[in-house]
Amino acid sequence: MTTVVILLVLAATTIVTTLALMLAEHDMKAVIGAQQYAVLSSAAAYVDEQLEAKRALLSTLPEGLPPGIHSDPAALQALLQSRSAVGAEFFNVVVFDRAGKMVATSRPDLKEASVEAVGRPYFDNTVSTRSGLISAPFLSRLSGRPVVLMTQPVLDPQGDVAYVIAAGIDLQQSDFFGPINALKPGKTGFMFIMTTGGILIHHPTPERLLRHINDRPGYNRATEMALKGFEGWTEAKNKDGNEGIYSYKRLKSTNWIVAARYPTAEAFAPLIGLRKQAILAASLFAAVAGLVAWLAIHRLLGPLEKLRQRVALLRHGGTDIAALRSGRQDEIGELGEAFYQLTAERAATQEKVLASETLVRNILEHAPDAFVSTRADGTITEWNAQAERTFGWHRDEALGRNVAELIVPPRLRSAHALGIMRMGGGRAVDGSADSQRRLQRTRIAALHRDGREIPVELSVGTLRHDSGVIATAFLHDISERVAHEEQIAASEHRARMIADSMPALVAYVDRSLRYRFTNDYYQQLLGVAPAGMLGKTITEVFGMEVYLAWKDKIDAALRGERVHEERDSVQLGRPLHLMTDLVPDVDAAGTVQGIYLMSMDITQRRNAELTQAASEQRLQLITDHLPALVSYIDRDHVLRFGNATFRHWLGLDPATLAARPLQDVMGAAAYAKTRPHLERAFTGVHVSFEHRARLYGDQRTLETTFVPDLRPDGTVAGVYALTQDMSRIKAVERQLIELARLDALTGIANRRKFEEVLQQAMARSQRLARPMALAYLDIDNFKSINDSLGHGAGDEVLKEFASRLIQAVRAVDLVARLAGDEFIIVLENVDRGGEAALLAAKIVAAVRTPFSVAGSPMQVTTSIGVALYQGEGDSQSSLIARADRALYQAKRNGRDCYVVDAEQN
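FYI, in numbering that gives the first Met the number 0 the residues of the sequence shown are 0 to 904.
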């Protein structure tokens, strides 16, 4: 019975111990696998971070390129050598031009031969997409090392690829994989990296780099699962038949898979040894203590069962990992301690993962772009703070709602729904079913809460999570950028319209003398299509002869000098006179980047100038021979022209008159009198005026005429001045005026002068309150004298009659002949009728003295009518009428007498 009990105890002990260890092994395997996958995920995140950091560093290199470096490979070489940070991150950095030729390298010390990159996928794809990439691993022709290249295009000002920067990561010696190797599981375990196509990028066996993982014969189930998209951990045999725990994690930034292998023998070595020791101890204990086996078994299995229970509780979260530590110094204590260590490591890994997730969430929460994630049906699951600011919806309002209702404009919702259907069907954005894909940034319109549309830049991706598909999107508000781009486009359009509308050749050539801009006037003036000139040199467009003719001017402009040139040319069979300006385009550093060119056809203006010059010469010749001062005065009253008469009249050289102020030429006093007339002429009115000046030592009468020089808009540019000597004309004019006021026969005043004097005398009499009178008289029976002796004798009588009247009156009195034998006398300053009557009596007496006519004496008498001026109420006509009535009264009284107006007697 004891033997049976011992055997039963032994069997029970062995079975229990084995079962407990198997359960512990199973749980431990899950813990180790999860732990290994967590560590691998951290390593993958590290690789992603390093790749993104290197890509970001590489992308900053073209941003720092100074202007003009696109056309200067030597400057690129100098720039690479000056960027020590870039050289420290990469094994080598090489720059290829657009033709694939290497033009610069950060490692000139390697003395590498120049290679051609054309035909290499990393180069061709970078040029075609104009964006950087991470190449497939390959053996470098430059260094002979296995490398992976990161590329970055350098765009010229027109947006074309000018250069491709390729930075290499040495897969053998780069410290890039150092932190990853430090995370290898156990002592014999290792980590490796391969592409999704199975090409090894990193492996502890250097000979296997760049080779396919299946180059070795055999089959590895875990590897095949990973190549088909598996992520996680699994247990499988390698191609040598050894069991191991495999973990796989794909990178987000490129098509790499980070993997780890932990040999099962090493992973469970402590547990296997413990299992052997436990069975051996149980067997020995059963053999030695068979009688108390059942007690020993109960005692031994009790703590083990407690450990198992604690492991089970720990798996379900019912206790803390500290419960695994029993404090025992036996196998059960060691097992508990081993469980504790494994579980603690797992907990630490989980805390790191949780911290990483928290960090990612914080980053998304404070990201400058709006971040939105949705389920396959469009329900929003994440909405960060920037999304709140961009679209106006609070996080609590957005979560759980359909994204189309909140931010997709109605006109775009059908396209959005189609994308949701594709995503819900398990198809990623690019049409594959991989776990995650990302799109390039795309401009779309989004809807704000207030109903307005916002231009945003969208970057969207999908990933599988919890057997479902999650869509993630970063949206950046580009309203200001779009507005700025629209302003730039409008400005460029206006500039193009202005340039094409100008009647001049407008162009821009770069330092290589290639046309980068031309306007439409090239077609009109030269018959050259503007579009066909772009990208071509001056020599290619117009030929070497034209280039050599302008080479010195072009070289001067490239040195930073402004060039103005007028030249004759023959284009399309017709002569042209072109006025050309070359303006250097100088950047902030003082380097000439190109030349602005404007050339105007001034043939008509040139011909007009020649015609005008000939006309001006003829005009100068004409004006120099005019007996008058001819000049031109600008708005500042400064002389701009003077003819030769200035020398004859004023002793001034005409050549010295230009730009002299008019006041200096005329003198202050004469200028002061002339200025009002000049100012009036500048209002657009023709002005003529007379003035006196000393010429030839004598005072002369001058007449000046100002003629305004009117512009097409009606403003006055200046004034033409013509000054003539009117002295002789004025003298003749005075003589003519005087003759016009005298009677031609008698030489006394005629009716015209009488009327002038009478009006003045009446005004003086009224103003000074001094009486005046008017005497109207004729020769008695004068008609009989004409009839009997003829008109000659009558004229003699009239002349003698006028002479006696002048002698009979005072010097202040005016004697005038009205017509025939009718005379009239203006008597001023007479005291009423008495003095006027005495004067009339004197005249009658003077006429009675016999006349001598034709040698014979003749008795001639006169009759006089006198009228006194009544003042303000008496007019000139009424005064004459009263004097005439008095004359006829004297006739009725028998002639040879006088009568004073009865109203005054």
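C-beta: ideal position from N, C-alpha, C; glycine also.
What is the C-beta distance between residue 596 and residue 706, in whole angstroms, given that I count them as a contact (C-beta under 8 Å)?
-> Looking up residue 596 in the sequence shown gives position 597. Looking up residue 706 in the sequence shown gives position 707. With a Cβ gap of about 43 Å, residue 596 and residue 706 do not count as contacting.
For residue 874, does the three-state DSSP call read helix, strand or coil?
-> Reading the sequence shown from its first residue, position 875 is the one you call residue 874. In this structure, DSSP gives residue 874 a state outside helix and strand, which the three-state scheme calls coil.
Buried versus exposed call for residue 202 [16 or more other C-beta atoms within 10 Å across all chains shown] | In the sequence shown, residue 202 corresponds to position 203, counting from 1. By the Cβ-count criterion, residue 202 is buried, with 16 or more other Cβ atoms from all chains shown falling within 10 Å of its own Cβ.
Taking all protein chains shown into account, do 16 or more other C-beta atoms lie within 10 angstroms of the C-beta of residue 885, making it buried, or fewer, making it exposed?
-> Counting from one through the sequence shown, the residue named residue 885 turns up at place 886. By the neighbour-count criterion, in which a residue is buried when 16 or more other Cβ atoms sit within 10 angstroms of its Cβ, residue 885 is buried.
By Cβ distance, which residues of its chain are closer than 7 Å to residue 890, with the 5 residues on each side in sequence left out?
-> Along the sequence shown, read from residue 1 onward, the residue named residue 890 stands at position 891. The answer, listed in chain order, is 862.
Return the chain-ordered ranges of every alpha helix (DSSP H) run that is complete within the segment 79 to 152 and spans a minimum of 4 residues.
-> Taken in chain order, the unbroken stretches of alpha helix (DSSP H) that lie wholly in the segment 79 to 152 and span 4 residues or more are 83 to 88 and 120 to 128.
Verify whether the separation of the beta carbon atoms of residue 882 and residue 859 is less than 9 Å.
-> The residue you call residue 882 lines up with position 883 of the sequence shown. The residue you call residue 859 lines up with position 860 of the sequence shown. In terms of Cβ geometry, residue 882 and residue 859 do not form a close pair [threshold 9 Å].
How should residue 644 be labelled, buried or exposed, when 16 other C-beta atoms within 10 angstroms of its C-beta is the threshold for buried?
-> Against the sequence shown, residue 644 aligns to sequence position 645. Its Cβ being crowded by 16 or more others within 10 Å, residue 644 is buried.
State the DSSP-derived secondary structure class of residue 255, mapped to helix, strand or coil.
-> The sequence position of residue 255 within the sequence shown is 256, counting from 1. It is a strand residue.
So is residue 427 buried or exposed if we call it buried at 16+ other beta carbons inside 10 Å?
-> Translated into the one-based positions of the sequence shown, residue 427 becomes position 428. With a pLDDT of 45 at residue 427, under the threshold of 50, the modelled position of that residue is not reliable, and no figure is offered here.
In chain order, each beta strand (DSSP E) run of at least 3 residues that lies wholly inside the segment 778 to 832 = As for any beta strand (DSSP E) of minimum length 3 sitting wholly inside the segment 778 to 832, the runs are 813 to 818 and 821 to 827, ordered along the chain.
Going by beta carbon distance, what residues of the same chain come within less than 6 Å of residue 481, once the five residues before and after it are set aside?
-> As a working mapping, residue 481 is identified with position 482 in the sequence shown. Contacts found: 454.
Anticipated Cβ contact below 8 Å, residue 510 with residue 592, distance rounded | The count along the sequence shown starts at 1 and reaches residue 510 at position 511. The count along the sequence shown starts at 1 and reaches residue 592 at position 593. Under the criterion of beta carbons closer than 8 Å, residue 510 and residue 592 qualify as touching, at roughly 6 Å.
Residue 547 burial status per 10 Å Cβ neighbour count (16 or more: buried) | Taking the first residue of the sequence shown as 1, we reach residue 547 at position 548. Exposed: under 16 other Cβ atoms inside 10 Å.
Three-state secondary structure (DSSP) of residue 383 | Position 384 of the sequence shown, counted from the start, is the residue given in the question as residue 383. In the structure shown, residue 383 sits in coil (DSSP, three-state: anything other than H, G, I, E or B).
Please state if the CB of residue 698 and the CB of residue 626 are separated by a distance shorter than 9 Å.
-> Sequence index remark: in the sequence shown, residue 626 carries index 627 (1-based). Sequence index remark: in the sequence shown, residue 698 carries index 699 (1-based). Note that the C-beta distance between residue 626 and residue 698 is not below 9 Å.
How many Å lie between residue 123 and residue 117 at the Cα?
-> If you number the sequence shown from 1, residue 123 lands on position 124. If you number the sequence shown from 1, residue 117 lands on position 118. Between residue 123 and residue 117, the C-alpha separation is close to 7 Å.
Return the CA-CA distance between residue 263 and residue 187, expressed in angstroms with no decimal places.
-> The sequence position of residue 263 within the sequence shown is 264, counting from 1. The sequence position of residue 187 within the sequence shown is 188, counting from 1. Computed Cα separation, rounded: 10 Å.
From which residue to which residue does the alpha helix (DSSP H) around residue 675 run?
-> Within the sequence shown, numbered from 1, the residue matching residue 675 stands at position 676. The continuous alpha helix (DSSP H) containing residue 675 extends over residues 667 to 680.
For residue 502, the first and last residue of its enclosing alpha helix (DSSP H) | Position 503 of the sequence shown, counted from the first residue, corresponds to residue 502. No alpha helix (DSSP H) contains residue 502, which DSSP labels as neither H nor E.
Identified DSSP bridge partners for residue 771 | The count along the sequence shown starts at 1 and reaches residue 771 at position 772. According to DSSP, which records beta bridges pairwise, residue 771 is partnered with 827.
Three-way DSSP call (helix, strand, coil) for residue 909 in this model = For residue 909 there is no data in the structure shown, the boundaries of the chain being 0 and 904.
Under the three-state DSSP convention, the category residue 47 falls into | For this step, residue 47 is matched to residue 48 along the sequence shown. Of the three classes helix, strand and coil, the one that applies to residue 47 here is helix, per DSSP.
Since I believe residue 401 is in contact with residue 380 (beta carbons under 8 Å), could you give me their beta-carbon distance rounded to a whole number of angstroms?
-> Your numbering for residue 380 matches position 381 in the sequence shown. Your numbering for residue 401 matches position 402 in the sequence shown. Rounded to whole angstroms, the Cβ separation of residue 380 and residue 401 is 12 Å, and the two are not in contact under 8 Å.
Rounded to a whole number of angstroms, what is the C-alpha to C-alpha distance between residue 871 and residue 765?
-> The sequence position of residue 871 within the sequence shown is 872, counting from 1. The sequence position of residue 765 within the sequence shown is 766, counting from 1. Their backbone Cα atoms lie some 7 Å apart in a straight line.
8 Å CB neighbourhood of residue 408 in its chain, flanking five on each side removed | On the sequence shown, residue 408 is found 409 positions in, with the first residue counted as 1. Counting only Cβ-Cβ distances below 8 Å, and skipping sequence neighbours, we find 444, 445, 446 and 452.
Keeping to the same chain, check which residues put their C-beta closer than 7 Å to that of residue 336; ignore five residues upstream and five downstream.
-> Within the sequence shown, the letter at position 337 stands for residue 336. Around residue 336: 324.
Note down the Cα distance separating residue 895 from residue 783, rounded to an integer number of angstroms.
-> Taking the sequence shown and counting its residues from 1, the one referred to as residue 895 is at position 896. Taking the sequence shown and counting its residues from 1, the one referred to as residue 783 is at position 784. Spanning the two alpha carbons is a distance of roughly 16 Å.
Beta carbon of residue 33: closer than 8 Å to some heavy atom of the ligand SAH?
-> Ligands are entirely absent from the displayed structure, and the ligand SAH is therefore not among its contents.
When DSSP labels each residue in this structure, what does residue 533 get in the three-state scheme?
-> Against the sequence shown, residue 533 aligns to sequence position 534. Taken through DSSP and simplified to helix, strand or coil, residue 533 comes out as coil.
Is the CB-CB distance between residue 196 and residue 135 below 9 Å?
-> In the sequence shown, residue 196 corresponds to position 197, counting from 1. In the sequence shown, residue 135 corresponds to position 136, counting from 1. A contact, by the Cβ cut-off of 9 Å.
CB-CB under 8 Å to residue 467, same chain, minus the five flanking residues each way: which ones, in chain order?
-> Residue 467 sits at position 468 when you count from the first residue of the sequence shown. Answer for residue 467: 374 and 375, listed in chain order.
Per-residue burial, residue 36 [other beta carbons within 10 Å of its own, 16 or more giving buried] = Residue mapping note: residue 36 aligns to position 37 of the sequence shown, counting from 1. Counting Cβ neighbours within 10 Å, residue 36 comes out buried, since at least 16 surround it.
My understanding is that residue 54 touches residue 131, with C-beta atoms under 8 Å, so please give their C-beta distance in whole angstroms.
-> Taking the sequence shown and counting its residues from 1, one reaches residue 54 at position 55. Taking the sequence shown and counting its residues from 1, one reaches residue 131 at position 132. Indeed, because the Cβ distance is near 6 Å, the residues count as touching under 8 Å.
Enumerate in chain order the residues of its own chain whose CB-to-CB distance from residue 14 is below 6 Å, with the five nearest sequence positions on each side excluded.
-> Position 15 of the sequence shown, counting from 1, holds the residue named residue 14. Leaving aside the five residues that flank residue 14 on each side, none in its chain has a CB nearer than 6 Å to its CB.
Using the rule of at least 16 other Cβ atoms within 10 Å of the residue's Cβ for burial, across every protein chain shown, is residue 34 buried or exposed?
-> Along the sequence shown, one-based indexing puts residue 34 at 35. Per the 10 Å Cβ criterion, buried.
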